[in-house]
Every structure is written in structure tokens, then in C-alpha cells.
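Visitor: Residue numbers (this note's numbering): 5 to 242.
For glycine and all other residues, C-beta sits at the position ideal for the given N, C-alpha and C.
Questions regarding the structure given below will be posed in turn.
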Amino acid sequence: MTNLSVNLNKVALLRNTRNFGRPSVIEAAATCIKAGAQGITVHPRPDQRHIKPADVDALSQILSVEFNIEGYPSLEFLDIIRKIKPTQCTLVPDAPDAFTSDHGWDLAVDGAWLKPIIQELKDLGIRVSLFMDADLSQIQRAKEIGSDRIELYTEPYATAFRNGNVESVFQQYHTAAEKAQEIGLGVNAGHDLNLHNLEKFCSIPGILEVSIGHALIADALDIGLFTAVKEYLQILTK
Ligand code: PXP
């Protein structure tokens, strides 16, 4: 079975276009948890365009499920992580002005400075995951620098699925997930997963967690947040 961590960035993005707190990130988290989601994910970005540090604080006080905080390990981001000590921290190689995360780490370049950060977070009792492409040599490096898990960046899979030519890309992800598990890394996945492409992706054995935001919140506009979470969970428990 694969756990669902609902990414609430888009709820915060909508909330930020008015100044009276609606829709509420906290209420949305409570609804997701009531519907059975096993986790909540947020991605506080330097420009605070969606999740703000105050949201991270408030969520940390009410969450009864896994809290996954993702982001680029800047000084400000690491201060939030040290203070909140979430269950999991997913490190992402985003430039400060990134539109959305669009690639995994190149650990040949960034592995050396990430290694002590990973160790520090692990010493604080935080599980560390690295956002990675389906690239076997990079995945090997993730293990070597001490990561507990990787999160496979699934946008290329989602695009191939949408274009009807998913098989070879799917095989790459299958092989990458297998390799990661062989060397002792847990495997998460995320980006552009949705009600159509999720079941096939999660047919890869051992995917521990998917983090889903955009599509799930878009579905919630049609069917409500509670029902949307239930529909994703139904796929994940098949
Ligand atoms: N994982 C990471 C590292 C992300 O940056 C995002 C988007 O914030 C997601 C997963 C979720 O992607 P989506 O919103 O497309 O479901």
C-alpha cells in the first residue's frame, strides 16, 4: 500500500489572493485527515507565494499524521525545519524563483554540501528524502550521502502518460525504484500524479508515499476535498 500525502500549496495560493484567511489551510488539512490521508505536505518557498512560515507553524500544532516539508535547503528553510522537526524533509533543488519543481538533484555537483545537512536533519530525528530523477547513478549517490528515501520526480512519467507513449518511461521509473530499494532507499514519488495516471505508477512495487497537490485540489473544485482525497485513497489501496 502507498500512503497519500496531500500537498496544500494550492489552498494557500488561493487563500493569499484575499486577506481574511479563506480557504483555510488548517481546515483543508483537517478535511484531508478526516478523509484518511496519511500525510500533509507543504513547500514553503522564499517568495511565500503560497505556504508561509506561519502556516507551517500552525500545521505542526494540529497534525496527527505525517508532516512532510519540502524545499530548497536555504538557511531560512533549514531554520524552519530545525524548529518544526517534521516527520520528513524532502530536499528539492529549486532555484528561489522556480515556477514549480522541475528536476531532481545533480548529486555529482551538490552531493558534497548536502551530505552534512542530511546528517544534521537525521540527527534531529527527521527522515530525509531527496527529490530525484529516474537516474540510476544519481540514485546511488543519494544512498552514499546518507539519504533515507528518494522522491522520484514524476512529471516526465505524467507527460508520457498524457501523450499515450508511457511504456518506456514507465520502465525507467520501475528500474529506478527497484534499484533504490535494492540499495536500501525508501521510494516516494510526486509531481503531476492524478486520478488517471496514479494506478499505473503505483503498480511499481514498494512505492511508500505519493505527494499530490495540483491535480487533487483541482479535482476538489469539482467533487469536494473530502471526496477527492477518498478517490485517491481508493486507487492507492487497490
Ligand atoms: N513533490 C515536489 C518536490 C513538489 O515540488 C511538488 C509540487 O509542489 C509535488 C511533489 C506535488 O506536485 P503536484 O502539485 O503536481 O501534485
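#1: Restricting to Cα atoms, I'd like to know which of 153, 194, 202 is closest to residue 183.
#2: Which residues bound the beta strand (DSSP E) around residue 144?
#3: Checking 8 angstroms against the spacing of the C-beta atoms, do residue 59 and residue 29 come in under that value?
#4: Pick from 203, 232, 224: whose alpha carbon is nearest that of residue 5?
#5: Using the Cβ count rule (16 or more neighbours within 10 Å means buried), how would you classify residue 54?
#6: According to DSSP, is residue 133 helix, strand or coil?
#7: Enumerate in chain order the residues of its own chain whose CB-to-CB distance from residue 36 is below 6 angstroms, with the five nearest sequence positions on each side excluded.
#8: Is residue 35 near ligand 1, going by C-beta to nearest heavy atom under 7 angstroms?
#9: For ligand 1, any of its heavy atoms closer than 7 angstroms to the Cβ of residue 94?
#10: Provide the residue(s) that pair with residue 155 in DSSP beta bridges, ordered along the chain.
Guide: Here's the rundown:
#1: Locating residue 183 in the sequence shown gives position 179, where the first residue counts as 1. The shortest Cα separation from residue 183 among 153, 194, 202 belongs to 153.
#2: By one-based count along the sequence shown, residue 144 stands at place 140. Element bounds for residue 144: not the beta strand (DSSP E) but the alpha helix (DSSP H), 140-148.
#3: On the sequence shown, residue 59 is found 55 positions in, with the first residue counted as 1. On the sequence shown, residue 29 is found 25 positions in, with the first residue counted as 1. In contact: residue 59 and residue 29 (Cβ atoms closer than 8 angstroms).
#4: Start at 1 with the first residue of the sequence shown, and residue 5 comes out as number 1. It is 203.
#5: Along the sequence shown, one-based indexing puts residue 54 at 50. Buried, since its Cβ has 16 or more Cβ neighbours within 10 Å.
#6: Here residue 133 refers to the residue found at position 129 when the sequence shown is read from its first residue. DSSP, reduced to helix, strand and coil, places residue 133 within a strand of the structure shown.
#7: As a working note, residue 36 is residue 32 in the sequence shown. Counting only Cβ-Cβ distances below 6 angstroms, and skipping sequence neighbours, we find 10, 233.
#8: Working through the sequence shown from its first residue, we reach residue 35 at position 31. Not so, every heavy atom of ligand 1 lies at least 7 angstroms from the Cβ.
#9: Counting from 1 along the sequence shown, the entry for residue 94 is found at position 90. Checking the Cβ of residue 94 against ligand 1 gives yes.
#10: In the sequence shown, residue 155 corresponds to position 151, counting from 1. Paired residues: 135, 192.
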